[in-house]
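Let me begin by presenting the structure, written as structure tokens, before commenting on it.
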Amino acid sequence: MSSAAGQETRDGVPGRPSATAVGRLVGRRPTALAPRPDRSTAPAAGPAVRPGSPEPLGARPCRGPDGVWGTNFALWAGGAEAVDLCLFDDDGHELRCPLTELTHEVWHGFVPGVLPGRRYGYRVHGRWDPWTGARWNPAKLLLDPYARAVDGDFALPAEVYGHMRDWPQQHVADTVRDDRDSAPYVPKGVVVGDDTADGAPDEWTEDRRPKTPWAESVIYELHVRGFTMRHPGVPPELRGTYAGLAHPAAIEHLTRLGVTAVELLPVHQFAHEDHLLRRGLRNYWGYNSIGYFAPHAGYAAGGTRGQQVGEFRRMVRALHAAGIEVILDVVYNHTAEANELGPTLSLRGVDNRGYYRLQQDPRRYADFTGCGNTLHVLQPQVLRLVTDSLRYWVTEMGVDGFRFDLASALARAAHGVDMLSPFLAVIAQDPVLRRVKLIAEPWDVGSGGYQVGAFPPLWAEWNDRYRDAVRDFWRGALPDARDLGYRLSGSSDLYAWSGRRPYASVNFITAHDGFTLRDLVSYERKHNEANGEGNRDGTPDNRAWNCGAEGETDDPEIRALRRRQLRNLLATLLLSTGVPMLVAGDELGRTQGGNNNAYCQDNETGWLDWSLLDDPGWRALTELTARLIRLRRAHPVLRRPAFFSGLARPPEGLRDLAWFTPHGTEMTESDWYAPTTALGPICRAAICPSAIRTAPRSRTTASWPCCTRARGRSPSPCPDRPGPGGTSSSWTPPVRTRRHPRAHASRRAPPSSFQRARSCCCAPSTPRTYAKKPSECCRWRTVVSPLMAVTSEPRAQEGGAAPRHRSATRSLLRLWPYVRPVRVRLFGAAGVAVVASCLGLVIPLVLKWMVDGPVAHRDPGGVWLGGALLLALGTAEAGLFGLRRWLVGRPLASVEAAMRADLYRHLQRLPVSFHDRWASGQLLSRATTDLMLLRMFLAFPLTFLVVNGVTILAGFAILLSQEWTLGLVLVIPAVPLVILCSLFETRYATVARTVQDQTGDLTTVVEEGVLGVRIVKGFGRHRSQARAFRVLSEQVRSTELHKARLLATLWALIMTLPELAIGAALVLGTMRVADGDLSAGTLVAFLSTALTLRWPVESLGFLLAMSQDAATATDRYFDVMDAEPATAADRRLAGSPRRGEDGEGSEDGEGSEGGQDREGGLRFEGVEFAYADAPPEEPPVLRGVDLHIRPGETMALVGATGSGKTTLTALVPRLQEITRGRITLDGRDITALPGRSCAPWWPSRSRSPRCSPPPPVRTSSWAPATRAGRSCCVP
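Position 1270, counted from 1, in the sequence shown is what full-length UniProt numbering calls 1270; the numbers after and before it change by one each time, with no gaps.
Structure below.
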């Protein structure tokens, strides 16, 4: 034994402390030391060791330089002083071979004559100083971290520990070295050849990987041992082994189900924990790895001297032949050596500081895994160990992917989880690993370890948000449908922001840890007594519902309900977008008796019970599972490679996703906030990329499960399939969970609230095309918010009214009241512009006179006179246009200011209910962008529509007067141009309104992100806000591009047709001049006039576009201005008179006492309030409020967030109008008081302190913001 108290000597033996030193260390009287090992039994020296090579690490058989076969051994052991290779023969005799060669911290040597099957281990020499993290102990035989096979099982006697495990002073026990030899008690590594131990080298090369695309994958999590231990079709000697899993009887079940991949619980060599062995238990799951290259020897049927490697390969080959991929659950985050009190088995003895994360006190381990230690993946040697292991399992063992246990621990950098960590970076660039399936368990137990949705592309993740939402929905604990909507459609809120696809979400409802699916509907509490830990282990948060009885029951109603719940859960899982993961046995109805942590139950509790298939009910559940997987495979829309957009797609204008209520109507935003009773999403793939790859070019329409859930009441029926215009057609559902799949009509269970409570159905429909007008398609929109589920509805005013359909002219005429005060200057500017434009038409006439006159007669004086005249005309035209700008500049700025002032004034008068319905960004965009558009329209497009119209008419009159035949040539394109402009106006108006509305939504997100930046950061919503901004920006960009395409088409035709006409007139005119029928001057004047008209004609597209933008801006402006302030009378409910309206009071609301309350103060009498936009069936926010606050009294309102405190205080200043009862102030009804009468009475914020919730993250949606806090008080 040695202690870190110092490298003192005893009996002249270096490195052994005296009893005095140990006593000083523990702070008490010296104690006796353990006896020294018997030197007479020291192992014999081994054969001569040659230098060998430092690459590759591990034990690799090869031919030496002299042609002799042997094995090259290489071990990284940074900081070690010496390394001994220990070889063991079949009798257990040990031969020690010192490795003397050291290259880059790798100890290596070649030992001739050592062939595959030989067992070996290492002893590493170095300092024992736990206070600095050094824990070398050559008395402990260490397993090679790169060992490809392990022989023997782990037992944990005291000799296996590097310290004195049973030292009396346990608080320092880990600092006292134990010098007893551990070799008899630990497994040894086995030398394994490059080829399989029992197969020809070419057998493995014939393997063909299935390479199933992510979107088409269905994962089946199973335990190699537990899957076949009770399988009647597997021979007894093969049960619980790799060979048993490769048996045709086991594979037949997998193929019958239709799964595409098996996810094997850990198969790396693992050890059992000491506390389990003491209780007679074993580690069953295997999350306690110690050998990252070795298949667990306990699962081998053919032997453990390398045979397990070949057996594992044959298992992989058999699964591949059945079209099933193999994914390994790997545990690279910690090892079986636990914390400083754990055994010394491998890495701790090789280099403790080099392999593990240590705390600031190097004696202790940093534990982000809950298992005592954490591998230090930032260290190059550890990163190499992990990646070498991964590549080995892919390239030499044939696996197809990995699920990384506690993957956040692997992504931890120096100060927390970092998605740019070395581990993730190495995986991303590795040419082998980046091509396999990578699944992260995106959390660990450390601070900031929960990273769902944060892993980079290439990675899929276990989505526990899906698990929780589905469990809560089917047990009736989900408050609304928003979160469930995201989970069913692929969790775009978690994965779309980083460019990942829906298959980044590995959807699961159960996993190896937690309840089985059957236990999830049979137990609400864990029952882990068999684990021997007093039922303290395992999570208490099961999100389970036992359907009315805890555990097994004979009640037929409860049993029927439980089986229906199982069918509901399976249907939801297998038909959701994403990658579904089943747990082995859930399709059989396997139970663990309520144990939600069966990690140590290597017995019937943890094994699959195949006898359940003898029960027709459970056999039917298996058949249902297979049918659901077949349904998923048959419909590409259920396994989409891309997220739904909710956008209409040509040619029918159908969206790829729509959500419906139980009544068959499309869900509105309020439906997403309503208590969840049913959800019926309908998804369509209309010649989408996935459909093209997997099916003929046909349109596919399918639905997810129409999930209905209610306790104690009848369920709502599944909706009929919606069609155009609200029509519907019937579904033909191949899957219903309401009734037992094989239940006969005569054997129905008795009706009850339980029987009617819950069900779901799935109904893929036959292809059908819905006709929809293009204008209707353009009016549909999708709102995507990180805080709201995707909803799609016709674009209406924010207040709820349908948008008005009026012409652009009628819309713009509504501006007349604002334009009228400046009409003189505006009309004057238009007149000036007309005169200036007409002067431009005189210039071609002057040119005609010059060509036919002075130029033809060679009169220089006439030419100079003509030039001067042209100069005067051009100067006058420029001056008049400048005058026009001066005339309209100031007046139109005043028009914009007046409209903005009116808008602001009107907004102040509108009730709070109006502002609740309208997003702040929509109002802000109307007050800024829209008014700027109107000012620009009045200044330029309006004037030039008049000017260019007059110019074109006058110009064509001149052309016809000069030469009517050529004039007709130029007039002909006018007909198609008129038709084109009419079509353009119709389409452009719709797109213009859409883009302006979308800009308002985008403004809302920007404004809220800036004003609520503290809340966004504080609640970690920065990613979701950024995601919302990107989505809305992309929508605006897409619509703007559509608008640009429309404008480009119009401009192209407007420019092309006149150019063709001018070209034709030029050719025809030239021919007539050549024939002498037309003078050259007339032709020059004609073409000059035509060219002068070119810009007025070509500008029509630009002017029409701006006019449509202005008309849309006008409609948006008056959407707000047309909203009337609500009065009390408007808010009264029919048949609910207020007091004083039925004869109890006078007209002005005064009571019988002449309007004066004897006690005075503020009085609420039977007050009831409901928001104006609340559904009729929704209960009021406030009901039956009777309250009297006397003068001088101080009152405090205390209640939970959302209880109505703010609403109650808003009724007094009439920010909201009550719907029943009345409020009086000193005996007078406040509705009879002048508008400002109660303002002096109502205390200001400075006199009425208010503990308010933080400003909302999204002002367009208050519900998510109210959940940001738990309580609020308003004293």
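Cβ atoms here follow ideal geometry from the backbone N, Cα and C, with glycine treated the same way.
Bridge partners - residue i, DSSP secondary structure assignment
i, result
"V583", "E221"
"N507", "N463 and P580"
"H163", "R177"
"Y122", "L85 and L142"
"C62", "G70"
Burial state of residue i, where buried means 16 or more other Cβ atoms lie within 10 Å
i, result
"V259", "buried"
"V995", "buried"
"M1071", "exposed"
"D66", "exposed"
"A829", "buried"
"Y292", "buried"
"E604", "exposed"
"Q307", "buried"
"T1056", "exposed"
"I979", "exposed"
"S1107", "buried"
"S408", "buried"
"Y146", "buried"
"A1265", "Annotation note: pLDDT 42 at A1265 (below 50); position unreliable, coordinate value reported separately. Classification for A1265: buried."
"I1223", "buried"
Neighbourhood of residue i by C-beta distance below 6 Å, restricted to the same chain and skipping five residues each side
i, result
"L933", "D1109, A1110 and A1113"
"E81", "H125 and G126"
"V331", "P266, Y287, S289 and D405"
"W167", "A173 and V176"
"S421", "A411 and A413"
"D930", "A1113, R1116 and Y1117"
"P362", "T132 and G133"
"A74", "P54, L57, V106 and H108"
"P157", "Y185"
"I1218", "V1167, F1169 and L1211"
"L1002", "L1032 and V1036"
"V1185", "F1164 and V1167"
"M850", "G866"
Inter-residue CB distance, residue i and residue j (contact presumed, cutoff 8 Å)
i, j, result
"G401", "I327", "4 Å"
"L574", "R500", "No, L574 and R500 are not in contact; Cβ-Cβ is about 21 Å, not under 8 Å."
"V506", "E461", "6 Å"
"T591", "T516", "6 Å"
"M315", "A261", "Not quite, the Cβ-Cβ distance comes to about 14 Å (not below 8 Å), so this is no contact."
"L887", "R825", "5 Å"
"Y466", "R482", "About 14 Å; that fails the 8 Å criterion."
"V445", "G538", "Not confirmed; about 15 Å, so no contact."
"L222", "A584", "4 Å"
"K211", "Y120", "Actually they are not in contact, since the Cβ atoms of K211 and Y120 sit about 37 Å apart, beyond 8 Å."
Same chain, Cβ closer than 7 Å to residue i, neighbours up to 5 away in sequence not counted
i, result
"W76", "L57, E105, V106 and Q381"
"P47", "C97, V111, P112 and G113"
"H376", "Y355, Y356, R357 and V382"
"Y523", "F515, A544, N546, E550, G551 and G594"
"R1214", "I1230"
"G64", "R50, G70, F110 and P112"
Cβ neighbours of residue i in the same chain (closer than 8 Å, five flanking residues each side left out)
i, result
"R434", "I427, A428 and L458"
Exercise. Do the segment 239 to 246 and the segment 485 to 492 make contact, defined as three or more Cβ pairs closer than 8 Å?
Worked result: Because the criterion of three Cβ pairs below 8 Å is not met, the segment 239 to 246 and the segment 485 to 492 do not touch.
Problem set entry | Three or more C-beta pairs below 8 Å linking the segment 351 to 370 and the segment 420 to 430 | As far as the Cβ criterion goes, the segment 351 to 370 does not touch the segment 420 to 430, which means the pair count is below three.
For this session: Would you be able to state if there are at least three C-beta pairs under 8 Å between the segment 468 to 486 and the segment 450 to 458?
Result: At 8 Å Cβ cutoff, the stretches do not touch.
Exercise. Would you say the segment 249 to 257 touches the segment 224 to 237, given that touching needs at least three Cβ pairs under 8 Å?
Worked result: Enough Cβ pairs lie closer than 8 Å, so yes.
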